[in-house]
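Here is the structure we will look at.
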Amino acid sequence: MKTVILAYFTAAVWHALGILKPPVVKTPLGNIEGLRSKIYGLPVNMFLGIPFAKPPLGSLRFLKPKPVEPWSGTLKATKQPPACMQYSEEPYPWYDDMPGKSEDCLYMNIFTPPLATKLSKLAVIFWIFGGGFTFGSNRMDVYDGRVLAKTEGVIVVTINYRLGLFGFLTTNTSDAPGNMGLYDAILALQWVNDNIYYFGGDKNRITIAGESAGSIAVSILCVSPLTKGLFSRAIMESSSLIMQRNNELEYNLNLSERLAEAVNCATEDFTIYDHPTKVVECLRKRNATYLTKTLWSFNPTSARSFYEQYGNDLLPNHALEAVRNGKFHNVPLLAGDVKDEGSFQVTTGNIPEFGFFGEKDPKVNKTYATSLLEGIFSNYTDPQKYIDFYLKDVPDDDYDQIRKQVTTAFGDSSILCATVFFAESYAERKNDVYYYFFTHRPSNSPWAKWMGVVHFEEVQFVFGRPVRVPKDYEIKEIWLSKKVMKLWASFAKYGKPIAVPKWPKYSNKSHTYFTIDLKNYGKRGTGPHLENCNFLRSYFGF
């Protein structure tokens, strides 16, 4: 009886405070009505599918985004937006495999505590999802921001941006400038700066955050002149722009030409290089799904297609030079990696031998290992030197360790050391840097056990999924997720993670990181993989 009375009393209080009514926010663009949701019985606000740009359709395909115009009446922000165009037949965890994809996808989701008002001035976490600039969306379950917003009292913003050919095809002219997906992210960030006040947010405490390609995007926003003053902190999970040693403009142009020829918009005698306007006009008339599947057919198992490029107002110079020379926005940085960043690259790139999720569990001898490593070190001067570094000291018959060294080399060269070098450079310029190393393997991991703690697996803990869907996890993982949310949110609030034991600052001298794990939570380490990164350092120019 007491429980029933308490429930009625709670409901009456919530009703009196307006907590049970759909939230409505008044902005200069117009009114926005969201949803009142509940997380473990407690209310939280969701505003789903808020447009921040005009739909990039028709003549706007392949162009920089245009700001959304004001609307009349009240915008119903109550349904998840469509994902941007993408296609794969492989089960990448960061691929949006749900129906309902569209070019008209430039929308954001905003999650706020129930009583947030213009006076609240809450810290904001602005999330850019990962997926190789080819896959992903903000509607995916893992990016549900309700638990993080409600539990930690922050505002969570998750955005969409154009992917693959729609986000990065280029003619290197105004017809298709390239980097459209990054321009989308910047326009969304500007929208948040202009409007988050009305949701209860503090535009002076915006943390840009992302994982994998999202982390690369964050690192690019840290050096782009277009983002100066638009954020005050940054979180980078797994990689940075440093992974891309060369400007990929030529690669993007060649891929754009190949695609144009494949859909009969260009020929060897009528190329995208010589006739960019005509070729783009033709590409704009092609069906979006047809273009997406054609691009996918070039490399069906790959999680990457086009790349970010330099030489425009977003990135006037090679971003790598900017990082080396300390020409970036000086803000506190939280960065880090998972324990086994490269294992997924080995399996998904060699499915017949390993199985997508590593389920074939093959023996890897040095001959096969060498052939795998030749692929990643082929652009290095003296590739054999790097192959020997990873394999030389491993016994010929220790197949598990040989395989481990291969996955480590993949991760070091493309993800982990790129994070380390970026963090070093930031710390060297007297910025506060905090480095984590996530070493817990989730109990629900789809990847083979030998693959360890796989790329992307920490994200579910950042967004509190173990709290929201406890049946999918062990009890201790709920505790760990709460810890991670507290770390990320306190960094967004104060510019430093509040942790027990204390989280020391990272520097290019100490290289001290903070372990995130069930057994060794908070344990300090040095690196990570510092010896390996030091060996690769000269290739990246650090």
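FYI, the numbering for the sequence shown is -18 to -1, 1 to 524, going by mature numbering (1 follows the signal peptide of the UniProt record, and there is no 0).
Idealized CB from N, CA, C, for every residue including glycine.
Keep in mind that this is a model prediction, so the values were computed, not measured.
In chain order, what residues of the same chain have a beta carbon less than 7 Å from the beta carbon of residue i, not counting five sequence neighbours either side?
i, result
"Arg423", "Gly434, Val435"
"Ser492", "none"
"Ala195", "Gly112, Gly113, Gly114, Phe115"
"Val402", "Cys515"
"Asn161", "Phe150, Glu290, Gln291, Asn294, Leu296"
"Lys487", "Asp414, Val415, Tyr416"
"Ile178", "Val106, Ile137, Lys185"
"Pro33", "Val50, Leu88, Tyr89"
"Phe339", "Thr329, Pro428, Trp429, Ala430"
"Val466", "Phe443, Val444, Ile498"
"Ile333", "Thr283"
"Gly477", "Arg215, Pro314, Asp414"
"Pro452", "Ile460"
Nearest to residue i by CA position, among the options, is which residue?
i, options, result
"Phe148", "Ser492, Leu104, Gly40", "Gly40"
"Lys48", "Asp79, Ala216, Trp173", "Trp173"
"Val50", "Leu57, Ala35, Phe44", "Ala35"
"Pro10", "Ile369, Asn175, Ser222", "Asn175"
"Ala285", "Ala301, Gln327, Asn246, Cys247", "Gln327"
"Phe473", "Ser214, Pro52, Glu356", "Ser214"
"Gly509", "Asn502, Ser489, Asp499", "Ser489"
"Pro344", "Thr133, Lys475, Tyr381", "Tyr381"
"Gly132", "Lys275, Asn347, Ile21, Phe438", "Correcting the residue identity first, residue 132 is Lys in this sequence and not Gly. Among Lys275, Asn347, Ile21, Phe438, the Cα nearest to that of Lys132 is on Ile21."
"Cys87", "Ile480, Asn142, Leu265, Asp379", "Asn142"
"Arg385", "Cys399, Phe336, Tyr362, Gly477", "Phe336"
"Asp499", "Leu355, Leu512, Arg268, Glu440", "Glu440"
"Tyr368", "Leu203, Gly183, Ser520", "Ser520"
"Leu373", "Thr363, Ser360, Gln387", "Gln387"
"Ser425", "His437, Asp394, Ile457", "Ile457"
"residue 525", "Met67, Thr352, Glu193", "A query on residue 525 cannot be resolved here, the shown segment of the chain reaching from -18 to 524 and no further."
"Ser201", "Leu164, Lys275, Leu237", "Leu164"
"Pro64", "Pro37, Thr352, Thr421, Leu171", "Pro37"
"Asn91", "Arg266, Asp126, Glu134, Leu203", "Asp126"
"Ala122", "Asp166, Trp76, Arg144, Leu145", "According to the sequence as given, residue 122 is Met; it is not Ala. The candidate whose alpha carbon is nearest that of Met122 is Trp76."
"Arg43", "Leu169, Gly192, Met225, Arg266", "Arg266"
"Arg129", "Gly23, Gly31, Tyr350", "For the sequence presented, residue 129 should be read as Val rather than Arg. The residue with the shortest Cα to Cα distance from Val129 is Gly23."
"Ser102", "Glu513, Lys475, Ile110, Phe522", "Lys475"
"Phe522", "Gln226, Arg268, Leu208, Leu45", "Gln226"
"Arg268", "Leu171, Asn246, Asp375", "Asn246"
"His437", "Asp378, Lys321, Leu203", "Lys321"
"Pro52", "Thr363, Lys8, Glu85", "Lys8"
My guess is that residue i and residue j are in contact by the Cβ rule of under 8 Å, so how many angstroms apart are they, rounded?
i, j, result
"Phe108", "Ile198", "With a Cβ gap of about 15 Å, Phe108 and Ile198 do not count as contacting."
"residue 528", "Phe181", "No information on residue 528 is available, as it lies outside the stretch -18 to 524 that the chain covers here."
"Phe517", "Phe419", "Actually they do not touch by this definition, with Cβ atoms about 19 Å apart."
"Leu241", "Leu277", "6 Å"
"Val305", "Phe404", "6 Å"
"Ile397", "Ser287", "Not quite, the Cβ-Cβ distance comes to about 18 Å (not below 8 Å), so this is no contact."
"Glu219", "Gly324", "Actually they do not touch by this definition, with Cβ atoms about 15 Å apart."
"Ser70", "Gly12", "Ser70 to Gly12, Cβ: 37 Å. No contact."
"Glu134", "Ala471", "3 Å"
"Gly146", "Thr274", "7 Å"
Excluding five sequence neighbours on each side, which residues of the same chain lie with their C-beta closer than 6 Å to the C-beta of residue i?
i, result
"Leu17", "Met28, Thr60"
"Glu341", "Ala430"
"Gly308", "Arg411"
"Ser156", "none"
"Pro448", "Tyr455, Glu459, Ile460, Ser463"
"Tyr(-11)", "Unreliable positioning characterises Tyr(-11) in this predicted model, as indicated by a pLDDT of 44, which lies under 50. The coordinate reading is nonetheless provided below. No residues qualify anywhere along the chain."
"Gly504", "Pro483"
"residue 525", "Given a span of -18 to 524 for the chain in the structure shown, any question on residue 525 remains unanswerable."
"Ala158", "Phe44, Leu151, Thr152, Val262"
"Leu512", "His493"
For residue i, collect the residues of the same chain with a Cβ closer than 8 Å to its Cβ; drop the 5 residues on either side in sequence, then sort them by chain order.
i, result
"Tyr74", "Gly113, Phe117, Ala285, Thr330"
"Thr(-16)", "For Thr(-16), the predicted structure reports a pLDDT of 42, less than 50, and the residue's modelled location is therefore unreliable. A value from the coordinates is still provided. Hits under 8 Å: none found."
"Leu235", "Thr152, Thr153, Asn154, Ile254, Tyr255"
"His257", "Ala248"
"Lys210", "His311"
"Thr99", "Gly182"
"Gly495", "In the sequence under discussion, the amino acid at residue 495 is Tyr, which differs from the Gly named in the question. Here the set comprises Gly318, Tyr417, Tyr418, Phe419, Tyr488, Arg506, Gly507, Thr508, Gly509, Pro510."
"Gly6", "The amino acid at residue 6 is misidentified as Gly; the sequence shows Val. The residues are Asn13, Ile14, Glu15, Gly16, Thr56."
| message | Three Cβ pairs or more, each shorter than 8 Å: is that satisfied between the stretch 86 to 106 and the stretch 175 to 193? | response | yes
Practice problem: Indicate whether the contact test is met: 3 or more Cβ pairs, each with one atom in the stretch 404 to 420 and one in the stretch 305 to 323, closer than 8 Å. | Solution: yes
When you compare the stretch 256 to 267 with the stretch 221 to 232, are there three or more beta-carbon pairs, one atom per stretch, that lie closer than 8 Å? no
Continuous beta strand (DSSP E) assignments of at least 3 residues falling wholly in the stretch 203 to 282: 215 to 219
Just checking, does the stretch 234 to 252 make contact with the stretch 64 to 81 on the three C-beta pairs under 8 Å criterion? In this structure the stretch 234 to 252 does not touch the stretch 64 to 81; the number of beta carbon pairs closer than 8 Å is below three.
- Task: Would you mind listing the beta strand (DSSP E) stretches within the stretch 4 to 54 that are 3+ residues and don't spill past its ends, in chain order?
- Result: Runs found: 6 to 9, 12 to 15, 17 to 21, 24 to 33.
(request) Taking only runs that begin and end inside the stretch 372 to 424, name each unbroken alpha helix (DSSP H) of 4 or more residues, in chain order. (result) 381 to 393, 399 to 410
Which ranges does the beta strand (DSSP E) cover as unbroken runs of at least 3 residues, wholly within the stretch 149 to 208, from first to last along the chain? 183 to 193
| said: Quick check for students: name the residue ranges of the beta strand (DSSP E) that lie wholly in the stretch 88 to 145, counting only runs of 3 or more. | reply: 89 to 94, 104 to 110, 137 to 141
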